[in-house]
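Beneath this line is the structure, given in structure tokens, with notes to follow.
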Amino acid sequence: MSHAAETAPDAPAILAEVNPVAKPRAELVGHGRGFSWITEKICGIAEEKTPVWWWYCFISACIVASFTVAGLIYLVATGVGVWGHRSPVFWAWDIVNFVFWIGIGHAGTLISAILCLLRQKWRTSINRSAEAMTIFAVVCAGIFPVFHLGRVWYSWFLFPLPNSNYIWQNYRSPLEWDVFAVSTYGTVSVLFWYVGMIPDLATMRDRFASVGKNIRARAYGIFAMGWRGSSRHWSNYEMAYLILAGISTPLVLSVHTIVSFDFAVSLIPGWHTTIFPPYFVAGAIFSGFGMVLTLILPLRAVYHLEDLITQYHIDCMCKIILATGTMVGYAYAMEFFIAWYGANPNEGFAFINRAFGPYWWAYFIMVSCNVITPQFFWFGAVRRNTWLVFILSLVVNVGMWFERFVIIATSLARDFLPSSWGYYSPSIVEIFTFFGTFGVFSVLFLLFVRFLPIMAIAELKAVTPQADPHAAGDHHPAPGHG
Amino acid sequence: MFETPGALMRAAEQVRDAGYRKWDCITPFPVHGLDKAMGVGRSRVPRISLAGGITGFCTGMSMIWFMDKFDYGLTVGGKPLFSPLFAFPVSYELTILFTAFATIGGMFLLNGLPMHYHPVLNYENIRRGTDDLFYIVIEREDPRFSPENTRALLERAGGREITELEG
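In structure tokens:
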């Protein structure tokens, strides 16, 4: 694009031509890899014989997952007191874990849906794994609201069914809203993930069929729904995908908002604040991206996916962590400010108590992990050091767990009446139940890595430069002709 | 069979301009602008999604009205038995849920999926249609179909390995 500047006949020409610098767009697939390389790389992961490291990880994950299973059986058999909950702290690690896992899930939907609407093409190499992460995180999260009830066999009372007390559900309560929100979130996430996989399952089906592995081809083929790559089908498919992305965006925002309402609609100082919905959503995205990096970076290293998950991708994810971490830090500062400015003695005390009370150590971990560590991502040198990014992503998740712990435990342990104050410590059962959920998550994620396409093959191909029908060298006339 | 999206698009335009209606392209990913090149209109999935969404919202509101006001008035803190405000979050979630069901169901319906048997799927060489090559398929039922003319058209458009499929 250049144009000649008009000048008066005898005035000196300042710039005869203006040539803006053509800044190259970041390469989304390194080394200009083509379609068949992409197919081969990703399908190859599920097609090869199970690697030994997978078995080691899977067995370890199963052992860790058994902690949760054992813990839950013991809980239901004995009673919810085994979790160490004592007056006044009746919500502790159970709800912390619930909010923690749901928050992690939100990044997957953000990557899939919100980045799709914002036309960020770099999402294509991470969205499948991120969506899988979302689903497995929702599974881990859903354990807790059901099992923390005590009388778990009454959990069906939460659903819109006539129950055995001949009473309907209370729809004024955010706890009921949670049931609908989390169920909807889980369902829509699974559907979005599955629909996204249909073309890739068809690719895998065809690859197995072409080498004669018919049983596996049939297995993948059943789920591929007979997809044959028809462009008339793609037309409806793309529209459906866009609509799902469009509804998943308000879904992700509303689900964590409703989870935050569990606290915000109460009267407890430190909880009863309108900042919670945006604060929780930003925190969820923050922790979720931390977990995405924790999962993606090892996969990238083990399977040599550097051409598909490039430094640009890692940069983008780090910047999102930086942005949302800063928002969370801002929210902390605002809470403090409003507690002081609002002159409510209970609210003010709640915040002094967080920093200097019996849980000061948890507060310190929270602030250093959530406010300070994301700031390292301002520096390109840090973003380019993959090990450092991995460690910081772990730190982010630790920090976000502690944030939920600080919110719940400090506000409950010391609320209005000093005579009711108490101190809560988790019991062994509660600790093992939580760490076991990492095992549950890992089991599911390892199965996903082993059997399913870990990246969106079709979407990746569509964002390569070769996919553009108007690409240079294709001699197709420029748009405008129809 | 074509090797680049650009070649496919040029060929598709020629097939469209020749007046064929019952035909299709096979691509490993959605090609930008191919709908226009084929003369295919906008997808009808959004109408189905909208219907689903409206159903979801109305279901939520009427369900809550029925449950908390009509059938067994649930008194909580002396507040109104029904208000669209407190009923909103659940109705909102149901809107999204039903929109998702309608979208996916609608997409499957309009695509005729699941369709596990189709002549294209039985053709060995089409396997690379989900990998890295592009195909045009013209159906025999098309009124303009004739074995020689259609083959000539595809050859003129740049297609290679033109074959007749069974079924």
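Same order as they appear, the protein sequences are chains A and B. Here the working numbering is used: the first residue of the first sequence is 119, the next is one more, and so on. Here the working numbering is used: the first residue of the second sequence is 332, the next is one more, and so on. Yeah, the Cβ is synthetic: ideal placement off N, Cα and C, and Gly gets one too.
Under DSSP, the beta-bridge partners assigned to A/R204 are A/V207.
Interface annotation for the segment 348–363 of chain B against chain A: D355, C356, I357, T358, P359, F360, P361, V362, H363, criterion Cβ-Cβ distance under 8 Å. A/S348 sits in a strand when the DSSP states are folded into three classes.
Look at the segment 189–267 of chain A and you find no whole run of beta strand (DSSP E) that is 3 residues long or longer. Under the Cβ criterion of 7 Å, B/M438 is counted among the residues facing chain A. In this structure, DSSP gives A/F341 a helical state, which the three-state scheme calls helix. The Cβ atoms of A/P292 and A/F218 lie no closer than 7 Å to each other. If the five residues before and after A/Y430 are omitted, its C-beta is found closer than 8 Å to the C-beta atoms of A144, E145, L146, W240, all from its own chain and listed in chain order. Excluding five sequence positions before and after A/F550, the CB atoms of its chain that fall closer than 6 Å to its own CB belong to F185, G189, given in chain order.
Only residues of its own chain outside the window of five on either side were considered, and among them N464 have a CB closer than 7 Å to the CB of A/F534, listed in chain order. For B/P474, not one C-beta of chain A is nearer than 7 Å to its own C-beta. DSSP, reduced to helix, strand and coil, places A/W539 outside both helices and strands of the structure shown, so it counts as coil. Going by C-alpha positions, A/M357 is about 12 Å away from A/V313. Close CB contacts of A/S384 within its chain, under the 7 Å cut and outside five residues either way in sequence, are with H390 (chain order). For B/L444, a Cβ of chain A is located within less than 7 Å of the residue's own Cβ. Note on A/R502: under 16 other CB atoms within 10 angstroms of its CB, so exposed under the neighbour-count rule.
Within chain B, no C-beta atom comes less than 9 Å from the C-beta of A/N281; the nearest is roughly 11 Å away. Against chain B, the CB of A/V217 has no partner CB under 7 Å away; the residue lies outside that interface.
Residue environment for B/N456: exposed (fewer than 16 other C-beta atoms within 10 angstroms of its C-beta). For A/P587, the nearest CB of chain B lies under 7 Å from its own CB, placing it at the interface with that chain. A/T375 and A/Y542 have their alpha carbons spaced roughly 27 Å apart. A/K167 is outside the set of residues whose beta carbon lies under 7 Å from a beta carbon in chain B. Between the segment 344–361 of chain A and the segment 196–204 of chain A, the count of C-beta pairs closer than 8 Å stays below three; the two stretches do not touch.
By the CB criterion at 7 Å, B/I427 and A/I525 fall outside the cutoff.
Spatial neighbours of B/D462 in its own chain (CB-CB distance under 8 Å, excluding positions within 5 residues in sequence) are listed in chain order as P359. The beta carbon of A/G304 sits closer than 6 Å to the beta carbons of V256 from its chain, once the five residues preceding and following it are set aside; these are given in chain order. Note that the C-beta distance between A/M251 and A/G221 is not below 7 Å.
Between A/D425 and A/G148, the C-beta gap is smaller than 7 Å, which places the two residues in contact. A straight-line Cα-Cα distance of about 26 Å links B/Y466 and A/E165. With fewer than 16 other CB atoms across the displayed protein chains lying within 10 angstroms of its CB, A/I181 is exposed. For B/C389, the enclosing alpha helix (DSSP H) has its first and last residue at 376–396. Note on A/D296: 16 or more other CB atoms within 10 angstroms of its CB, so buried under the neighbour-count rule.
Under DSSP, the beta-bridge partners assigned to B/W354 are B/I469. Leaving aside the five residues that flank B/T406 on each side, the residues in its chain whose CB is nearer than 8 Å to its CB run, in chain order, L412.
Per DSSP, reduced to three states, the secondary structure at A/E424 is coil, with no helix or strand assignment.
Using a 10 angstroms sphere on the CB of A/G388, the tally of other CB atoms reaches 16 or more, which defines it as buried.
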